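Going down the list, the sequences are from chains A, B, C and D. Mapping of the first sequence onto the working numbering: position 243 corresponds to residue 363, and the numbering continues sequentially without gaps. Mapping of the second sequence onto the working numbering: position 92 corresponds to residue 212, and the numbering continues sequentially without gaps. Mapping of the third sequence onto the working numbering: position 107 corresponds to residue 215, and the numbering continues sequentially without gaps. Mapping of the fourth sequence onto the working numbering: position 82 corresponds to residue 190, and the numbering continues sequentially without gaps. Input: a single structure, listed below in structure tokens.
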Amino acid sequence: MGRTGNLKDKLLPLKEAVGLVSDGSSIVCPSFGYEKVAFAFIRELIRQGKKDLYLYGSGMNVDADMLIGAGCISAAEIGHIGFENIGLAPCFRRAAESGKMKVEDYSNFIMTMRFFAGGMGIPFMPIRTGMGSDVIAYANPDHVIEMDSPFTGEKILAVKAVHPDFAILHVQRVDTEGNVSIEGPKYDNVEKAKSAKCLIVTCEEIVEPEFVQSQPEKTILPGFLVDHVAVVPFGAHPYACYGYYDYDWEHIETYAQQAKTLEGFQSYLDEFIYSTEDETDYQEKLGLQKILGLRSNASLGYSTYYEAIA
Amino acid sequence: MGRTGNLKDKLLPLKEAVGLVSDGSSIVCPSFGYEKVAFAFIRELIRQGKKDLYLYGSGMNVDADMLIGAGCISAAEIGHIGFENIGLAPCFRRAAESGKMKVEDYSNFIMTMRFFAGGMGIPFMPIRTGMGSDVIAYANPDHVIEMDSPFTGEKILAVKAVHPDFAILHVQRVDTEGNVSIEGPKYDNVEKAKSAKCLIVTCEEIVEPEFVQSQPEKTILPGFLVDHVAVVPFGAHPYACYGYYDYDWEHIETYAQQAKTLEGFQSYLDEFIYSTEDETDYQEKLGLQKILGLRSNASLGYSTYYEAIA
Amino acid sequence: MIEPTYSAYEMMAVVGARELNDGEVAFIGTGLPMLAAQMALYTHAPRLVIIYESGYVGCHNIHTARLVGDIRFMKGLTMLSSMVDVLGFLQTGVIDVGFLGGAQVDQFGNINATVVGPYEKPLVRLPGGGGANEIASCAKRTIITMNHDTRRFPKKVDYITSPGYLDGSPDARKKAGLIGDGPDKVITDLAVLDFDEKTHRMRIESLHPGITVEDVQSRTGFELVVPRRVEETAPPTEEELRILREAVDPTGFYIKRRAERKAVRAGV
Amino acid sequence: MIEPTYSAYEMMAVVGARELNDGEVAFIGTGLPMLAAQMALYTHAPRLVIIYESGYVGCHNIHTARLVGDIRFMKGLTMLSSMVDVLGFLQTGVIDVGFLGGAQVDQFGNINATVVGPYEKPLVRLPGGGGANEIASCAKRTIITMNHDTRRFPKKVDYITSPGYLDGSPDARKKAGLIGDGPDKVITDLAVLDFDEKTHRMRIESLHPGITVEDVQSRTGFELVVPRRVEETAPPTEEELRILREAVDPTGFYIKRRAERKAVRAGV
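Have a look at this one:
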């Protein structure tokens, strides 16, 4: 019976949900735009010392860098890992430059369409990009190849469907039937969520079905595609959750600065992850005023914290 | 510069917009669910006596039947032409049974994905349906064939992109920059609209950009994909326009009854199309009380006309 | 025999509803399946997830819908999606049950909704399959509903619009590349039928009250498998009929129209 | 030479903005292109349609966005779409102009954002292309922006993340299956460059005030085409600088940070 069933059978504490991810699993944590990322889940993956995870993603940022630095990731297929308008991803740099981590480089669209194919139940997608560049020259031919189109004979790129063991998605709201309702941008979150064998959703809050039904165009995933749900308010920090809170740019810059050295990175982990038992601890460390400062303005969906301090 | 440019350069009276469709053109008029169909455009195609049009569609109903009966269509690639819960499409029957009209039968999904491929700029889409059935046995091999997937070798159906000369879409609202904003179901309207070489949009009304920007998730097409716009209030009748008016089931049943004979169909056309000069005339023929009766209830998006008369 | 207080159409709707289990994800075709699905939601299966190919997911409409794309589904809707998305769900194998009508069904559960007679020169041009091919190809199981007469139950359909067990051979569906398990039940105005596990031939499961094996066989264009024991289909309860008539179809759009049509046919 | 009252970064932003025409559909990459696009919207191109790969179409943000997926774009947004949809737009050839940064650009306009050094054993692991490959492959024309130094302007990039004219041969892009026309301009802190129509080699178009051909050539790792006549790039007007500083980047997120970094680098 698919993955219907009562929400109460799907609800798990964050630690138990993270516990489902065994070492060696493949994962995707939809992340784009420093927003709606299951960062609390990522922190708990690090706390639990997960190893040899295989990371799939398109555009990734601090989320991926932190997992890589903490030693959770052994290989990845990616579109991008970097800190937009801040700089390179230091842990990713160290891991890739030392050869400790195996990387297959594609583009965001190649990855997005590989997730799309996975979520649509088809073995591959034909696309028009990637050709001519070194993306195809260095591609794993088991994942991305050029082909001649049927009908027209045109050269096209065939990109293979991916089916990660786990997708972990953060959203604003899940209703009591497990339906997933969001505000703001979608990026390629839906395609990633649908591609996985097991979908875990972390959310700011649980809402009544009537609320979801009052704006059905904001439902991005029906409950029958959701395996597990963990309620994790403020779970996207230091990223944003549109309509709830903004990204914590200062925190992100602190991370970017500290991660430049192994010691600095270790001290970041010690302070914010290893020395915190759980998200409650983590939030206490950030402090009430920080959290209040990041609250979204009702008319904007984000805060004007940065304008105020400028 | 794509199809940007001021809306005033795209705005055309309905008759002129229809005049762009020359005999022999291929067209798609997104239609599903007796709702948001450019029926006023269809009536004007009939008034102007268009010939040899090549019809693409997935699920079609009275719209297609009327065009076929009026002699506008010489061939079609379809998923379905019938009157759900009323019966067969009489004009389509006569044209197909007599061999006057050439038909390629696919399924709705095959057609939807052919439009999707067209709108995504890729030459074909791989899908998992159609196989085993006579859909593939009788398919035109230039349009739909089985293929072996790259990577996995699995058998899959390859369906070729379509690019109709014209897509004609009816929506609730277009803003003064040509952006298309809707309420209610989307069906495969967006895929169809994007697949065409020329996109003509008919709408209930023109709105300010600020209105569209207040609910950007309801924008289905950016202005730069729209070639021409005609303002045609009540332009979907006898179909519905969610949030504005309901379908006119009585009218649809009258049509279904009359169209059963050639004479009856001719008298329908005479009464509602040939004897009306334009949509104003047509609306006057329907009468004010009918139009008021079909007005959508604010809390439902449709009318309770049928419950009231039951 | 006591005159039943319900029509054959009502019987089919009620029996159809019972085949849908609470909590299942059901992809519903047009016609009687729509009525049966809403009936299930209003009775034993309040958590049935009803999907229509128009892009509606999780329907809880309060007024009777007349077509699968009806805007009446917008009220109480869980997810407003698109055809690409919901027909895509089918391809991933997550749909528990599909429910379809059609014009003909053959001994292996193949459905025809395209043509009567030769494809190139049809005697009757039918609408075509719409999304039924996808539902029959991919749903874990499929329920079919049709009025029972020899014309509608030929040994071999004139055109396979929606695949059943194809030629009936053990791996026919798998070899064709289909992911769903195929037809499960056929609900008619005479009986409920299923399919022999090995031969995939249509088999009588239960007979509606007052109907005999001979009645069914004489109105079927091929030899049915008749198990040793044939149950009687439980007739609609008063409560079921009340819900069907007062809540699911209070304007009688489906129920009365069918009755009227039948009367017209009988009169002619 | 008069000390300019604007930074090189501000010059690049203003010149970049001028390359975007009113009414065009522009697919914008991260960094300076974001600033330039908003600048264009606030000056001569109020009807510029700005698209980001995050799914934002028609951006009219009122606060400075820090990344292409910034939720600041939600305010005043024309269309909230998805990555599949907007990257799909690129494939259909409707995007007039793409605007990209990168780590290296070579004589044929190929961009590297993936690795410095050998791919298998990189000296510097860069972020990877993100959606830049798509933009460079499909936009009708591409504008590239980068700081000008020999390291960033090698004869051949270490890795082609985003295709320019590939090996420079006349049909290289077409043969590869790419639909866009390729790089149009390169905007640096020294000059604006374009590409020779026949050889596809990078060519000086205009020099920023106070910069000579020798300055540019000496900081370029390959031989530039120098046309007979080289214009001077028009410096930012006071009005442009006012808009950039007060409306586009009032918190100085881009402008001040760059200035600070440059100061840091110079100090070291």
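A virtual CB, placed ideally from N, CA and C, is assigned to each residue, including glycine. In this text the structure is predicted, and so the values were computed from the model without any measurement.
Just mark Phe216 of chain C as buried or exposed, buried being the case when its beta carbon has 16 or more other beta carbons within 10 Å. buried
Unbroken beta strand (DSSP E) runs of length 3 or more, entirely within the region 142-184 of chain B: which are they? 146-148 and 173-176
According to DSSP, is Leu127 of chain B part of a helix, a strand, or is it coil? helix
For Ile242 of chain A versus Pro246 of chain B, is the C-beta distance shorter than 8 Å? yes
What are the boundary residues of the alpha helix (DSSP H) that His371 of chain A is part of? Trp369 to Gln378
Using a Cβ cut-off of 8 Å (strictly closer), state whether Ala278 of chain A contacts chain B. yes
Please tell me whether Gln199 of chain D has its Cβ less than 8 Å away from any Cβ of chain B. yes
To the nearest whole angstrom, what separates the beta carbons of Phe236 of chain B and Asp295 of chain B, a pair I think is in contact under 8 Å? Going by Cβ atoms, the distance from Phe236 of chain B to Asp295 of chain B rounds to 25 Å, so no, they are not a contact pair.
Cβ neighbour criterion (16 or more within 10 Å) applied to Met109 of chain D: Its pLDDT being 44, under 50, Met109 of chain D is placed unreliably in this model, and the coordinates cannot settle the point.
Fully enclosed by the region 298-362 of chain C, which beta strand (DSSP E) runs are 3 residues long or longer? 299-303 and 310-315
I need the straight-line Cα distance from Pro358 of chain A to Phe159 of chain A, nearest angstrom please. 8 Å
Which of the three DSSP states is assigned to Lys364 of chain C in this structure? helix
Give the straight-line distance between the Cα atoms of Gly139 of chain D and Leu175 of chain D, rounded to the nearest whole angstrom. 7 Å
So Ala356 of chain B and Val157 of chain B are supposed to be a Cβ contact under 8 Å. How far apart are they, rounded? 5 Å
Let me make sure I understand the geometry here. Which of D:Thr151, D:Ile158 and D:Phe261 has the alpha-carbon closest to that of Pro141 of chain D? D:Ile158
Taking the beta carbon of Ile243 of chain D as the centre, do at least 16 other beta carbons fall within 10 Å, making it buried, or is it exposed? buried
Compute the Euclidean distance between the alpha carbons of Ala374 of chain D and Tyr160 of chain D, then round it to the nearest angstrom. With a pLDDT of only 47 at Ala374 of chain D, under 50, the local geometry of the prediction cannot be trusted, and the value read off the model is given with reservation. Computed Cα separation, rounded: 33 Å.
Taking the alpha-carbon of Thr272 of chain A as reference, which of B:Glu399, B:Tyr176 and B:Val264 has the nearest alpha-carbon? B:Val264
Would you decide whether Gly290 of chain C is buried or exposed? Buried here means 16 or more other CB atoms lie within 10 Å of its CB. buried
Taking C-beta pairs closer than 9 Å, name the residues in chain B that Ser115 of chain C reaches, listed in chain order. Per Cβ cutoff of 9 Å: no residues; Ser115 of chain C is ~16 Å from chain B at best.
Quick check: Val300 of chain D and Glu313 of chain D, are their CB atoms within less than 8 Å of each other? yes
Interface partners of Gly290 of chain D on chain A, CB under 7 Å: Near Gly290 of chain D there are no residues of chain A at all, since even the closest Cβ is about 10 Å away, more than 7 Å.
Report the neighbours of Thr296 of chain B on chain D: residues whose CB is nearer than 9 Å to its CB, in chain order. In chain order: nothing, as chain D lies at least about 11 Å away.
Beta-carbon gap between Ser190 of chain C and Tyr307 of chain B smaller than 8 Å: yes
Just to confirm before moving on: does the CB-CB distance between Met254 of chain C and Thr320 of chain C stay below 8 Å? no
Under three-state DSSP, which class holds Arg260 of chain D? coil
Who pairs with Pro246 of chain A in a beta bridge, going by DSSP? A:Ala278
Short of 7 Å Cβ to Cβ, which residues in the region 197-219 of chain B face chain C? Ile198, Gly199, His200, Ile201, Gly202, Glu204, Asn205, Leu208, Ala209, Phe212, Arg213, Ala216, Glu217 and Gly219
Delimiting residues of the alpha helix (DSSP H) encompassing Asp295 of chain A: Premise fails: Asp295 of chain A lies in the beta strand (DSSP E), Phe286 to Asp295, not in any alpha helix (DSSP H).
Would the region 348-361 of chain D and the region 279-294 of chain D be scored as touching if the rule is three or more Cβ pairs under 8 Å? no
Starting from Gly202 of chain A, trace the alpha helix (DSSP H) both ways and give me its first and last residue. Element bounds for Gly202 of chain A: not the alpha helix (DSSP H) but the beta strand (DSSP E), His200 to Phe203.
Are three or more beta carbon pairs between the region 277-286 of chain A and the region 246-256 of chain A nearer than 8 Å? yes
Do Lys171 of chain B and Cys192 of chain B have their CB atoms nearer than 8 Å? yes
Inter-residue Cα distance where the pair is Phe135 of chain D and Glu325 of chain B: 29 Å
For Leu231 of chain C, collect the residues of the same chain with a Cβ closer than 6 Å to its Cβ; drop the 5 residues on either side in sequence, then sort them by chain order. Val224 and Gly225
Proximal chain B residues relative to Leu188 of chain D, where beta-carbon distance stays under 8 Å: Pro336, Glu337 and Thr339
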